[in-house]
Amino acid sequence: MNDPFEGMTNQLFEDKHVLEEDYAPETILEREDEINAYRNALKDVLFGRNPSNIFIYGKTGVGKTAVTRYMMKALQKQVDSRDETDDLYVLFHNCNNDSAYGTLRAFINTLRDDSEPNFPKKGLSTGDALEAFYTTLDERGGTFLLVLDEIDHLAKVNSLLYELPRARSNGNLTHARIGVIGISNNYRFRDSLSPKVKGTLMEKELSFSPYDANELRTILMHRAEKAFVDDAYTQSAISLCAAKAAQDTGSARQALDLLSTGGDLAEDRNDEVVTDDHIHSAETRVQRGRVRNKIRDQTPHAQLILEAVARLESSDETPVRSKSIQSTYERVAAHWGTDPLSSLRSVQDHLSELEMLGFLSRTERNDGRAGGAYYEYELAMDADAVFTAREEIAAEQEP
Ligand SMILES: Nc1ncnc2c1ncn2[C@@H]1O[C@H](COP(=O)(O)OP(=O)(O)OP(=O)(O)O)[C@@H](O)[C@H]1O
Ligand SMILES: [Mg+2]
């Protein structure tokens, strides 16, 4: 073969990026009620009042981040066009794997001029970071909206969420106003907060429900028009993506993934039109990717415990009690060169969490007076999918 790339043309996609995760849609479809509620929750910013704190929740892929970005952009534009309104600064932070300190540090460094030194990575306390943050805010003055996306991932969240909304009333801020916007897809997160924090953060709550097939079809059609060249997909393929995603999770991300992966498969096969066939084949691939992402989101120990249950499952030893899981987990941890958590209690906590997230299923057993009540666990997914995902994640992390 002379030139392996000769004759290759881009015949299917007009602009593939439109289907990707980091694409910011210029229009948000099928979220009128949520946008309306959001607008009301934010309107104080336009009138020089203290902004409300807002909590956004809903399952993964239902538009929480996309709608928030869209609203922030619109609000910024509106504020900029009104002379009488205080300056607005929107600070966006994804809290995945971050601490309160890291979050504050990121905010401070975004606000500081290039001439000022960066806030140090180490060596100071969260209290120091908070103080530096307030100083920076007050120097600037104006309204600051702090968007904490995936807030349930933030370590030691209570004190930060207690402090920030009270900064003005506690006299830590005079020229600046703060509003906190927390976003989460973890329903248990709210229960984990202290009552006082819950009271302030959840001043305004907005819940995003899963999309149905019709809504997903509208969203997909709009994107497909931009992403593909004319006549490169059938309406039926779009409807199939919408139907599959609606039936499974109601996530727009999943629907978009199906369509984009279907497009990839069609392209690989040199087909000129994306059809139902491609979408059916895309499903397995997307499913695998989703499992991997979901596992990657777990802490290292949660992943090892999940892997331990998967091992027990593949050697037909499930349902199994937490004590036996613990010893398998210790071996798995040794295999990966990690020190295991030592208490049974912490293993059990991870098991409950993994059950809540749908990785495991559990049954309560009762041995009567002798044994008392206990749980037995099983894997709620394919064991091979867990092994594959774990290997892929480990490969990603290799330097
Ligand atoms: N109403 C909508 N109109 C257009 N695109 C949408 C809409 N809702 C979601 N999307 C798209 O679907 C994808 C997933 O949405 P988004 O990232 O906002 O989900 P999320 O609710 O933040 O999920 P997670 O909890 O996993 O962070 C994004 O690519 C987004 O652009
Ligand atoms: Mg999000």
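Residue numbers in the sequence shown follow the working numbering, run continuously in steps of one, and reach 383 at the last position. The beta-carbon is built from N, C-alpha and C at its ideal position, and this holds for glycine as well.
Under 7 Å: does the beta carbon of residue i sit that close to some heavy atom of ligand 2?
{"i": "K48", "result": "yes"}
{"i": "D261", "result": "no"}
{"i": "D133", "result": "yes"}
{"i": "I38", "result": "no"}
{"i": "I203", "result": "no"}
{"i": "I167", "result": "yes"}
Terminal residues of the continuous beta strand (DSSP E) containing residue i?
{"i": "D133", "result": "G126 to D133"}
{"i": "V258", "result": "First-last for V258: undefined, no H or E at that position."}
{"i": "E(-10)", "result": "First-last for E(-10): undefined, no H or E at that position."}
{"i": "F212", "result": "Note, F212: premise wrong, no beta strand (DSSP E); not H, not E."}
{"i": "L363", "result": "A357 to L363"}
{"i": "F39", "result": "I38 to G42"}
{"i": "G152", "result": "Correcting the residue identity first, residue 152 is Arg in this sequence and not Gly. Note, R152: premise wrong, no beta strand (DSSP E); not H, not E."}
{"i": "V2", "result": "No beta strand (DSSP E) contains V2, which DSSP labels as neither H nor E."}
{"i": "M188", "result": "Position check: residue 188 holds Lys in this sequence, whereas Met was assumed. K188 to F192 is the extent of the beta strand (DSSP E) around K188."}
{"i": "G163", "result": "A160 to S168"}
{"i": "D350", "result": "Reading the sequence as shown, one finds Asn at residue 350 and not Asp. That run of the beta strand (DSSP E) goes L344 to N350."}
How about residue i and residue j: are their beta carbons less than 8 Å apart?
{"i": "F117", "j": "L145", "result": "no"}
{"i": "I162", "j": "L130", "result": "yes"}
{"i": "L13", "j": "T322", "result": "no"}
{"i": "V46", "j": "A236", "result": "yes"}
{"i": "L290", "j": "F343", "result": "yes"}
{"i": "I392", "j": "K48", "result": "This structure cannot settle anything about residue 392, because the visible part of the chain is limited to -15 through 383."}
{"i": "L240", "j": "A266", "result": "no"}
{"i": "F(-3)", "j": "G155", "result": "no"}
{"i": "A84", "j": "L138", "result": "yes"}
{"i": "R53", "j": "L95", "result": "no"}
Within the present structure, is the beta-carbon of residue i separated from the nearest heavy atom of ligand 1 by less than 7 Å?
{"i": "P149", "result": "no"}
{"i": "P9", "result": "yes"}
{"i": "F76", "result": "no"}
{"i": "G342", "result": "no"}
{"i": "T245", "result": "no"}
{"i": "A236", "result": "yes"}
{"i": "G(-9)", "result": "no"}
{"i": "T44", "result": "yes"}
{"i": "L240", "result": "yes"}
Measure how close the beta-carbons of residue i and residue j come, nearest whole angstrom, since I'm counting them as under 8 Å.
{"i": "M55", "j": "R172", "result": "Contact flag wrong, Cβ pair sits at about 26 Å."}
{"i": "I263", "j": "A221", "result": "5 Å"}
{"i": "E360", "j": "P324", "result": "No, E360 and P324 are not in contact; Cβ-Cβ is about 21 Å, not under 8 Å."}
{"i": "A373", "j": "I279", "result": "5 Å"}
By the DSSP assignment, the alpha helix (DSSP H) with residue i in it spans what residues?
{"i": "S176", "result": "R172 to S176"}
{"i": "K182", "result": "P179 to L185"}
{"i": "E18", "result": "E16 to L26"}
{"i": "F31", "result": "First-last for F31: undefined, no H or E at that position."}
{"i": "F371", "result": "A367 to Q381"}
Does ligand 3 have a heavy atom nearer than 7 Å to the CB of residue i?
{"i": "G125", "result": "Absence of ligand 3 from the depicted structure is noted, with ligand 1 and ligand 2 being the only ligands included."}
*Going along the chain, which unbroken runs of the beta strand (DSSP E) with 3 or more residues stay wholly within the stretch 53 to 77?*
Correct list: empty.
*What residue ranges within the stretch 286 to 333 form continuous alpha helix (DSSP H) runs of no fewer than 4 residues, ordered along the chain?*
For the stretch 286 to 333, whole alpha helix (DSSP H) runs of length 4 or above, ordered along the chain, are 306 to 319.
*Let me know the beta strand (DSSP E) ranges lying completely inside the stretch 91 to 130, each 3 residues or longer, listed in chain order.*
Unbroken beta strand (DSSP E) runs of no fewer than 3 residues, entirely contained in the stretch 91 to 130, are not found.
*Inside the stretch 198 to 247 only - alpha helix (DSSP H) runs reaching at least 4 residues*: Complete alpha helix (DSSP H) runs here, min 4: 219 to 232.
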